[in-house]
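**Q** This is the structure, below, for whatever I ask next.
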Amino acid sequence: MITNGGLLLLLVFIPFAGSIVVAFFRSNAHNVEAIFASAVAIAALSLAVLLYSGVAGGGVVREEIAWLPAYGLNFGLRMDGFAWMFAILVTGMGLLVIIYARYYMSPADPVPRFFCFFLAFMGSMLGLVLSGNLVLLAIFWELTGIFSFLLIGYWYQNAGARDGARMALIVTGVGGIALLLGILIIGHIVGSYELDQVLASSGIIRRNPLFLPVILLILLGALTKSAQFPFQFWLPNAMSAPTPVSAYLHSATLVMAGVFLLAQLWPVFSGTREWFWILGIAGLASLILGAWFALFQQDLKGLLAYSTISHLGLITVLLSLGSPLAAVAAIFHMFNHAIFKASLFMAAGIIDHETGTRDMRRLGGLFRFMPITATLAMVASAAMAGVPLLNGFISKEMFFAEAVETHRDNILDIVTPYLAILAGIFSVAYSTRFIHCVFFGPPRRDLPRDPHEPPHWMYIPIAFLVLACLVIGIFPARSVGPYLRTAAIGVLGIETPPYSLAIWHGFNLPMLMSAIALAVGVALYFLLENYLATSENGPPWFRHISGRRIFDRVLVTISWRWARLARSWAGTRRLQPQLRLLVLIGVVAGALPFYHADASAGTVPMLPVDPVFVALWLLGGICAVGAAMNATFHRLAALVMLGCAGLVVCITFAWASAPDLAMTQLLVEIVTMVLILLGLRWLPKRPEGLEKMPMETGPRMRRLRDFLLAVAGGGGMAFLAYAVMTRPDTRNIGDYFVRYAYTEGGGRNVVNVILVDFRGLDTFGEIAVLGVVALSVFALLRRFRPAAESIGAPLQQHIQDASDEARADRRPGDTLSDYLAVPSVIMQWLFPVIVVFAIYLFLRGHDLPGGGFAAGVALAIGFILQYLAAGTRWVESHMRILPLRWIATGLLIAASTGMGSWAFGYPFLTSRFEYANLPLIGKVPMASALLFDLGVFLLVIGATVLVLIALAHQSIRRHRAVSGEER
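Numbering (full-length UniProt numbering), first residue to last: 1 to 967.
In structure tokens form, the structure reads like this:
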């Protein structure tokens, strides 16, 4: 039987697994992928419902998996009542949006990509609200930003979608960096990143001198995510996203993540002056400005976007007050806002889908054509306006009640009730405008499409949400009372105050404030009706309050002024000056620790020096110096000398009884030399008269400077290695790996066991970097066009062709191509031999020299020989080569192997080995590290072949250019 902790882990895992599966669906499987995505959402929702018994009455469900225990970091999930409420919103709202998206998205759209991003975003949001570790929360925080970027920019052919996605990513990304810094400081203060311990250490955090930086960084992250003042401008610009995305982001996910974090950390920061003033000012500004701009919008989604900013400002104000009752009201309004805002966005999407426009100036009289949609949208709008007997009314009443309470004797507390009434008036006005302009008045005849009701499954999600608005508004205590109490206890704990969810509390001040807001709001709309029909974003003097304009100016300043300044100082078309800066920074960074540490050598005596070994290294050093000297004048000679230096390193490994490293070094040298040679073919000649960097000197001084820098870098590393290896304690490191390689890792090849077991996390990071590098090289070479002098045949080929043509008595076998025919056939025949050799290296790697990396490089040599012998067109017409899938599959297998150890309660990438008794064979060692090595093997092949293909395709472009096919 699966425990609650297991269900919690499964809840986060299911959406990500569904995202991976749906990515492989065919693009025309419109119904199948929607049904599958719905099944994933239903499964996640069911798990969330089952977990309620664990959180009811203040309980907390936890699940912790060892991740990096040495650093105090574990993959810890934690669900209290508040997190449970958000899990229900994320999964339940996700299910409704998926059903809606099935009918909203066009069959021409790449729908598998949409549902892939959508489910991954759902999983990221679930991970965020269920994180029991602040570092893990920061990771999921960034994942929500990445997947929201992909969803907002889903229609990337639309410039508005690209700009909106970029703006959202930059603003929330900057906030995410600030949040991470704040989390790191909290971990430094508390001594732990575990959420339970952080919540229990509020006094320690508040008394620490770093409290102000912490609260500023945390609030910066939360306010940017929730589009609160002064970062509210990015949210309306994200309206180019598909409407299902907008409905999901605005109701239960992205923008709600910020207020979720504020509520979750409320016990730590509430009641302080910094929290009250910063959060209060930001919330009130968002509340008023969002409502004001919403009133003057002409686009339906623009109106709803600004109303989201305003309502999130309401929640922010409630959280700033420091009152437990205000916190309860904020939690309740989060739930209510998600319900009516999702229904309104979906209604706006139906209007756009069926009429072809969202411009309120072109809409009107739709009630007679779309009575069901109109009725649902009007009820949801009334809930947003706070009309009695609807859910928005109750939480708005709670807001008014807290606004009039005297919490502090200051100007902000005094003006809050008046600003609350003003925001309520604006809310009623723009809600009334939404209803009146779209559904009433004379019908419009110039619409792009004839309006009619959508398929009934398209408005069923809206009907469900509108019914929830009515049920909660009429029977609040019975419908959501226990669940709201559970969520409030999750935040407030024993400080949860008694409160009432009754519809009627008598004639009191909050009731009077609601009546004023309703009456004045309706009157304000009809007073401004004609003006609103023609205006855009309010009066001219108010339009200058544009955060987007400031954002654009900042980007221009950074990308043009600062970037040009940096380019004028450090930019050059030559690589040498840039490499010089990098090496200089590396030398300084490597030397700084010696300022505080012992810089002397150890006491372990040196081994006897073999004269042959010294001569060998002198040869390698001469080759290295020769390569550096010829890099400018003769690239091929420099490459040959570089290969000789690498060969010396290879011999050194063999001399030092490290055959595994020697073999890997030799294979890597072969591949890199061939790939670099293929790349040299397309490099242009070195241009003369290149611009100089500032403070550039003459050739002699430049060479002297480079020589001194090389001596400092190489000599420093040599001394560091000597100082480490002559210390007695360092020998224990090697002895440890030798002693435990077999007993702990199940292999006798110590090097391989270190790579796939002891340092498996490092290897995983390295292969991920290798994949990224291969993708980057491929992307750059796709847009690379050879220089003019590189398009023609090389000089040697011209000479040979001329010589062959001049010979009148030539016979078969006399030309160079005839002589190359035999080696090319042999190279092609070698491919199956190399495949067998690579498999042999792979299978023996855990006990003998070999392994996944060496086997992958060896098999890549086989592909290189095929391209060299038969040519690009022949190979790709006879062999199905999919390096991108190899890279993805390898990384997925390696990650899955690492996560598999979690199922047995071990840290990430902990390996396990056993002996299996096979029939007729006997005992065979079986190590889980073999699967990780398989991932390394596939990724190395994919990365190498991807670079090879990118280089090989330059030959195809060259032939096209010569024949005139490419311009």
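For every residue, glycine included, the Cβ atom is placed at its ideal position computed from N, Cα and C.
In this text the structure is predicted, and so the values were computed from the model without any measurement.
Return the first residue and the last residue of the beta strand (DSSP E) that residue 681 is part of.
**A** Looking at the DSSP string, residue 681 is not in any beta strand (DSSP E), and its letter there is neither H nor E.
**Q** How about residue 506 and residue 80: do their beta carbons lie closer than 8 Å?
**A** No, they are not a contact pair.
**Q** On the criterion of 16 or more Cβ atoms from any shown chain inside 10 Å, does residue 965 qualify as buried, or is it exposed?
**A** Bear in mind that the predicted position of residue 965 carries a pLDDT of just 49, short of 50, making it unreliable; the figure below should be weighed with that in mind. With fewer than 16 other Cβ atoms within 10 Å, it is exposed.
**Q** Going by C-alpha to C-alpha distance, which of 461, 575, 897 and 517 sits closest to residue 428?
**A** Closest by alpha carbon: 517.
**Q** Have a look at residue 48 and residue 97 and give me their C-alpha separation to the nearest angstrom.
**A** Computed Cα separation, rounded: 18 Å.
**Q** In whole angstroms, what separates the C-alpha of residue 726 from that of residue 926?
**A** So the two alpha carbons sit approximately 38 Å from each other.
**Q** Assuming residue 864 and residue 948 are in contact, meaning their beta carbons sit under 8 Å apart, how far apart are those beta carbons, in whole angstroms?
**A** Indeed they touch by this definition, with Cβ atoms about 6 Å apart.
**Q** Taking the alpha-carbon of residue 468 as reference, which of 99, 632 and 343 has the nearest alpha-carbon?
**A** Taking only the C-alpha atoms, the option nearest residue 468 is 343.
**Q** Which word fits residue 973, buried or exposed, when buried means at least 16 other C-beta atoms lie within 10 angstroms of its C-beta?
**A** Limits of the chain in this structure are 1 at one end and 967 at the other, which puts residue 973 out of reach.
**Q** Specify the secondary structure class of residue 124 as computed by DSSP and reduced to three states.
**A** The answer is helix: DSSP assigns residue 124 an H, G or I state.
**Q** Count Cβ pairs between the region 744-761 and the region 620-627 that sit closer than 8 Å; are there 3 or more?
**A** With the cut-off at 8 Å, the region 744-761 and the region 620-627 do not touch.
**Q** Assuming residue 894 contacts residue 936 (C-beta within less than 8 Å), just tell me the rounded distance between them.
**A** The pair is a contact, with the Cβ atoms about 6 Å apart (cut-off 8 Å).
**Q** Whole angstroms is fine: what's the gap from residue 589's alpha carbon to residue 892's?
**A** Between residue 589 and residue 892, the C-alpha separation is close to 35 Å.
**Q** Within the continuous alpha helix (DSSP H) that includes residue 79, where are the two ends?
**A** No alpha helix (DSSP H) holds residue 79; the beta strand (DSSP E) holding it covers 73-79.
**Q** Give me the Cβ distance between residue 222 and residue 261, rounded to the nearest whole Å; I'm assuming they're in contact under 8 Å.
**A** With 8 Å as the limit, residue 222 and residue 261 qualify as a contact, their Cβ atoms being about 5 Å apart.
**Q** Buried or exposed, going by whether 16 or more other CB atoms sit within 10 Å of the CB of residue 950?
**A** Burial call: buried.
**Q** Can you find the residues in the same chain that come closer than 6 Å, C-beta to C-beta, to residue 396, ignoring five residues on each side of it along the sequence?
**A** If we look at residue 396 and ignore the five residues flanking it on each side, its Cβ neighbours are 386.
**Q** Distance, Cα to Cα, residue 602 vs residue 710?
**A** Straight-line Cα distance between these residues: approximately 25 Å.
**Q** Report all residues from its chain with a CB closer than 8 Å to the CB of residue 843; omit the five preceding and five following residues, and keep chain order.
**A** Closer than 8 Å at the Cβ level, and outside the excluded window around residue 843, lie 850.
**Q** Which runs of the alpha helix (DSSP H) spanning at least 4 residues fall entirely within the region 230-291, listed in chain order?
**A** Within the region 230-291, the complete alpha helix (DSSP H) runs of at least 4 residues are 243-251, 254-264 and 266-269.
**Q** When the Cα atoms are used, what is the spatial distance from residue 583 to residue 592?
**A** Whole-angstrom Cα-Cα distance: 14 Å.
**Q** Helix, strand or coil for residue 6, going by three-state DSSP, please let me know.
**A** Helix at residue 6.
**Q** Can you tell me the Cα-Cα spacing of residue 871 and residue 879, whole angstroms?
**A** Looking at the two C-alpha atoms, the distance is approximately 12 Å.
**Q** In chain order, what residues of the same chain lie with their CB nearer than 6 Å to the CB of residue 814, ignoring the 5 residues before and after it?
**A** Since pLDDT at residue 814 reaches only 48, below the 50 mark, its modelled position is unreliable, and no value is offered.
**Q** Using a 10 Å radius around the Cβ and a threshold of 16 neighbouring Cβ atoms, would you call residue 462 buried or exposed?
**A** Its Cβ being crowded by 16 or more others within 10 Å, residue 462 is buried.
**Q** In whole angstroms, give me the CA-to-CA distance for residue 14 and residue 742.
**A** Spanning the two alpha carbons is a distance of roughly 36 Å.
**Q** Starting from residue 152, trace the alpha helix (DSSP H) both ways and give me its first and last residue.
**A** Element bounds for residue 152: 134-152.
**Q** Which first and last residues belong to the alpha helix (DSSP H) in which residue 485 is found?
**A** Residues 481-492.
**Q** So is residue 203 buried or exposed if we call it buried at 16+ other beta carbons inside 10 Å?
**A** Result: exposed.
**Q** Starting from residue 62, follow its DSSP beta bridges and name the residues at the other end.
**A** 78, per the DSSP bridge assignment.
**Q** Closest to residue 576 by CA distance: which of 617, 746 and 632 is it?
**A** That would be 632, whose Cα lies nearest to the Cα of residue 576.
**Q** Counting along the chain, where does the alpha helix (DSSP H) carrying residue 197 start and finish?
**A** Taken as a continuous stretch (DSSP letters only), the alpha helix (DSSP H) holding residue 197 covers 195-199.
**Q** For the putative contact between residue 181 and residue 212, defined by C-beta atoms under 8 Å, what is the C-beta separation to the nearest angstrom?
**A** Contact doesn't hold; Cβ gap of about 13 Å is too wide.
**Q** To the nearest angstrom, how far is it from the Cα of residue 586 to the Cα of residue 713?
**A** So the two alpha carbons sit approximately 8 Å from each other.
**Q** What are the residues that DSSP puts in a beta bridge with residue 660?
**A** Bridge partners of residue 660: none, in fact.
**Q** Throw me the rounded Cβ distance for the residue 151 and residue 118 pair, which I believe falls under 8 Å.
**A** Going by Cβ atoms, the distance from residue 151 to residue 118 rounds to 7 Å, so yes, they are a contact pair.
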